[in-house]
Amino acid sequence: MPPLSTEEAPLAAPPARVGALEPLSIPVFRMLWSTWLIANVCMWMNDVAAAWMMTTLNNSPIWVALVQSASTLPVFLLGLPSGALADILDRRRWLMATQFWLAGTAVVLCGAIALDLITAPLLLALTFANGIGLAMRWPVFSAIVPELVPRTHLPSALGLNGIAMNASRIIGPLLAGVLIAGAGSVWVFALNAVLSVISGFVVVRWRREHTPSPLGRERLVSAMRVGVQFVWQSQRMRAVLLRVAIFFLHSTALLALLPLLARGLKGGDAGTFTLLLAAMGSGAIVAVLLLPRLRQAMGRDALVLRGAILQAAATAVMSVAPNAWVAVPAMFMGGIAWITSANSLSVSAQLSLPNWVRARGMATYQMAIMGASAFGAALWGQVATVSSLRTSLLAASVSGVLLMLLALRYVNDPQDEDDVSPAHEGWAASPPSIKPGEEGRVLVTIEYHIDPARADAFKQVMEETRRVRLSQGAIEWALLHHVGEPSRYVEQILDESWTEHLRRFGRATAADITLRERRLAFHVGEGGPQVNRYIVQR
Numbered sequence: 246m247p248p249l250s251t252e253e254a255p256l257a258a259p260p261a262r263v264g265a266l267e268p269l270s271i272p273v274f275r276m277l278w279s280t281w282l283i284a285n286v287c288m289w290m291n292d293v294a295a296a297w298m299m300t301t302l303n304n305s306p307i308w309v310a311l312v313q314s315a316s317t318l319p320v321f322l323l324g325l326p327s328g329a330l331a332d333i334l335d336r337r338r339w340l341m342a343t344q345f346w347l348a349g350t351a352v353v354l355c356g357a358i359a360l361d362l363i364t365a366p367l368l369l370a371l372t373f374a375n376g377i378g379l380a381m382r383w384p385v386f387s388a389i390v391p392e393l394v395p396r397t398h399l400p401s402a403l404g405l406n407g408i409a410m411n412a413s414r415i416i417g418p419l420l421a422g423v424l425i426a427g428a429g430s431v432w433v434f435a436l437n438a439v440l441s442v443i444s445g446f447v448v449v450r451w452r453r454e455h456t457p458s459p460l461g462r463e464r465l466v467s468a469m470r471v472g473v474q475f476v477w478q479s480q481r482m483r484a485v486l487l488r489v490a491i492f493f494l495h496s497t498a499l500l501a502l503l504p505l506l507a508r509g510l511k512g513g514d515a516g517t518f519t520l521l522l523a524a525m526g527s528g529a530i531v532a533v534l535l536l537p538r539l540r541q542a543m544g545r546d547a548l549v550l551r552g553a554i555l556q557a558a559a560t561a562v563m564s565v566a567p568n569a570w571v572a573v574p575a576m577f578m579g580g581i582a583w584i585t586s587a588n589s590l591s592v593s594a595q596l597s598l599p600n601w602v603r604a605r606g607m608a609t610y611q612m613a614i615m616g617a618s619a620f621g622a623a624l625w626g627q628v629a630t631v632s633s634l635r636t637s638l639l640a641a642s643v644s645g646v647l648l649m650l651l652a653l654r655y656v657n658d659p660q661d662e663d664d665v666s667p668a669h670e671g672w673a674a675s676p677p678s679i680k681p682g683e684e685g686r687v688l689v690t691i692e693y694h695i696d697p698a699r700a701d702a703f704k705q706v707m708e709e710t711r712r713v714r715l716s717q718g719a720i721e722w723a724l725l726h727h728v729g730e731p732s733r734y735v736e737q738i739l740d741e742s743w744t745e746h747l748r749r750f751g752r753a754t755a756a757d758i759t760l761r762e763r764r765l766a767f768h769v770g771e772g773g774p775q776v777n778r779y780i781v782q783r
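Laid out in structure tokens, this is it:
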């Protein structure tokens with residue numbers, strides 16, 4: 246019996262709603278989630294202490310905003326190589342290495358402050374070094390989470406990561422505020438170092454079995470190229486990256502200028518700054534608990550748009566807030582907006598990525614966030630410098646909503662989800678097992694004989710095939726039509742090497758099987774399409 250087409254397939258039963266806290270019943274996820282919580286407490290302690298210290302070293306809006314840029318820019322610059330390494334190395338060891346890097350950075354910062362050597366440029370440099378650790382850590386943790394929980398639990402698991410992030414937004418600033426007021430900034434960075442070391446040793450307890458590829462490790466440059474190709478060929482990932490970049494480009498205005506807003510409130514001090522961050526974190530935690538119901542009531546784009554509108558409203562209120570009584574509720578609503586949009590987009594990205602490229606895909610997602618945040622912090626800081634805080638925040642509010650509306654209107658995000666689980670073994674005729682005696686690029690030709698009356702439909706399927714071949718790592722693709730034989734088409738695929746040619750077979754997903762069956766259904770010749778492989782002579 247032939248497989249059902251998409252139109253013929255029966256409608257699936259709606260999935261059962263998974264509780265917001267249910268993934269914590271899985272021991273390994275619970276252990277690594279605790280590590281994530283500690284790691285983010287350290288991150289917020291570092292960011293709060295660095296931002297507040299900068300107001301004492303140089304209180305110009307652009308210098309204060311550059312602390313946010315220095316923290317986020319490394320993730321934009323190093324996210325892709327870090328994601329590639331997380332896909333080709335042992336993820337457990339890579340995660341351990343990131344934790345100890347962050348601990349070392351905190352120790353150096355402690356020493357600089359204790360010896361009274363700290364300056365505004367040095368603080369930015371060490372904040373940048375801390376950001377390098379964040380750049381190495383985030384992609385690997387994002388790639389690990391789908392390994393730990395069933396697919397149905399993934400939205401809740403990512404929501405719990407949001408809780409960890411935003412609980413740390415409360416805990417980290419509170420700890421930092423108490424230590425800054427009672428003992429000095431140096432003790433914030435000292436505690437940061439201790440907690441980072443503890444997190445590293447918690448990861449040591451995780452007994453994850455790393456299965457090396459029988460083809461050996463991918464070369465870093467090639468792995469990065471394939472990661473970029475996959476994201477570029479994925480319509481969903483392109484839409485998600487645009488939406489998340491727009492959201493964070495504008496939402497970062499509030500965070501980057503928050504130290505100055507806190508100082509400008511009536512009676513504003515370090516405690517006020519901490520209170521505002523805690524209010525934002527509290528709003529995000531409340532939103533995570535409500536997200537399972539919200540996801541059932543609204544689609545992804547609706548949640549993202551409402552999040553952007555709510556974030557803009559919170560930013561606008563903060564631009565005119567006279568005291569903490571007005572500012573705290575605004576920051577609480579800003580936290581709700583932040584997690585609603587970020588979680589919706591993160592889930593969409595995760596569900597579109599197969600495991601073999603997950604860290605690279607999520608690295609590009611994080612690069613979009615951090616690149617937009619770094620640029621946004623500098624942009625809105627400069628606007629505030631040449632005009633005023635109020636003007637900068639209001640401009641960010643208005644442009645954020647307008648650009649999100651345009652993105653939702655003109656850049657389509659497909660709502661159907663492809664099955665990105667690995668294809669079963671033997672899904673296609675395997676390539677020859679022998680290794681060619683000569684090196685070079687590999688050219689594959691596949692010859693189809695098609696009913697000319699169905700040529701347009703065949704070309705549409707082959708356009709999907711082109712995206713799949715390139716997303717799996719092919720460097721070139723073409724479809725040739727014989728001039729003298731209207732029924733004859735030849736697909737050409739160029740691979741970087743024989744090894745990379747073999748890797749493509751291991752990257753196939755269940756969705757690729759479905760596409761293959763649709764493609765073969767057009768072939769009317771005897772037997773299957775004829776496949777030939779050639780080594781390109783230099």
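Residue numbers for the sequence shown follow the numbering used here, beginning at 246 and rising by one.
Ideal placement from N, C-alpha and C gives every residue a C-beta, glycine not left out.
This structure is a prediction, so every number in the text was calculated from the model and none was measured.
Where residue i and residue j are concerned, what is the direct C-alpha to C-alpha distance, given to the nearest angstrom?
i: residue 394; j: residue 277; result: 12 angstroms
i: residue 511; j: residue 570; result: 10 angstroms
i: residue 641; j: residue 707; result: 43 angstroms
i: residue 268; j: residue 451; result: 17 angstroms
i: residue 289; j: residue 566; result: 24 angstroms
i: residue 280; j: residue 315; result: 24 angstroms
i: residue 737; j: residue 331; result: 31 angstroms
i: residue 671; j: residue 435; result: Reliability fails at residue 671, whose pLDDT of 48 lies under 50, so the model's placement of it is uncertain and the value that follows must be treated cautiously. Rounded to the nearest angstrom, the two C-alpha atoms are 54 angstroms apart.
i: residue 666; j: residue 632; result: 52 angstroms
i: residue 578; j: residue 534; result: 14 angstroms
i: residue 474; j: residue 714; result: 10 angstroms
i: residue 639; j: residue 520; result: 22 angstroms
i: residue 271; j: residue 392; result: 12 angstroms
i: residue 527; j: residue 580; result: 7 angstroms
i: residue 691; j: residue 734; result: 8 angstroms
i: residue 524; j: residue 531; result: 11 angstroms
i: residue 634; j: residue 564; result: 7 angstroms
i: residue 623; j: residue 310; result: 6 angstroms
i: residue 749; j: residue 739; result: 11 angstroms
i: residue 502; j: residue 509; result: 11 angstroms
i: residue 778; j: residue 689; result: 5 angstroms
i: residue 404; j: residue 695; result: 48 angstroms
According to DSSP, residue i sits in a beta bridge with which residue or residues?
i: residue 727; result: Residue 727 pairs with nothing; no bridge assigned.
i: residue 689; result: 738 and 778
i: residue 667; result: 754
i: residue 695; result: 768
Whose C-alpha, out of the options, is nearest the C-alpha of residue i?
i: residue 720; options: 726, 305, 644 and 741; result: 741
i: residue 333; options: 781, 605, 636 and 723; result: 605
i: residue 712; options: 623, 760 and 666; result: 760
i: residue 380; options: 475, 271 and 323; result: 323
i: residue 629; options: 271, 483, 306 and 273; result: 306
i: residue 703; options: 654, 733 and 767; result: 767
i: residue 776; options: 700, 687 and 717; result: 687
i: residue 387; options: 757, 584, 747 and 607; result: 607
i: residue 700; options: 717, 718, 689 and 725; result: 725
i: residue 589; options: 317, 644 and 399; result: 399
i: residue 273; options: 401, 470, 562 and 389; result: 389
According to DSSP, simplified to helix, strand and coil, what is residue i?
i: residue 567; result: coil
i: residue 752; result: coil
i: residue 464; result: coil
i: residue 432; result: helix
i: residue 483; result: helix
i: residue 743; result: helix
i: residue 625; result: helix
i: residue 733; result: strand
i: residue 720; result: coil
i: residue 408; result: helix
i: residue 546; result: helix
i: residue 451; result: coil
i: residue 599; result: coil
i: residue 706; result: helix
i: residue 394; result: coil
i: residue 364; result: coil
i: residue 555; result: helix
Does the ligand GDP have a heavy atom nearer than 7 angstroms to the CB of residue i?
i: residue 646; result: Among the ligands in the structure shown, none appear at all, so the ligand GDP cannot be discussed.
Say whether the region 437 to 444 touches the region 344 to 351, bearing in mind that this needs 3 or more beta-carbon pairs closer than 8 angstroms, one atom from each stretch.
-> Yes, the region 437 to 444 is in contact with the region 344 to 351.
Segment contact, 8 angstroms Cβ cut-off, at least three pairs: the region 646 to 653 with the region 548 to 556 = Yes: at least three Cβ pairs fall under 8 angstroms.
Using 8 angstroms as the threshold, is the region 425 to 434 in touch with the region 289 to 298, meaning 3 or more CB pairs across them?
-> At 8 angstroms Cβ cutoff, the stretches touch.
Would you be able to state if there are at least three C-beta pairs under 8 angstroms between the region 476 to 496 and the region 337 to 348?
-> The way I'd put it, the region 337 to 348 doesn't touch the region 476 to 496; fewer than three beta-carbon pairs between them come closer than 8 angstroms.
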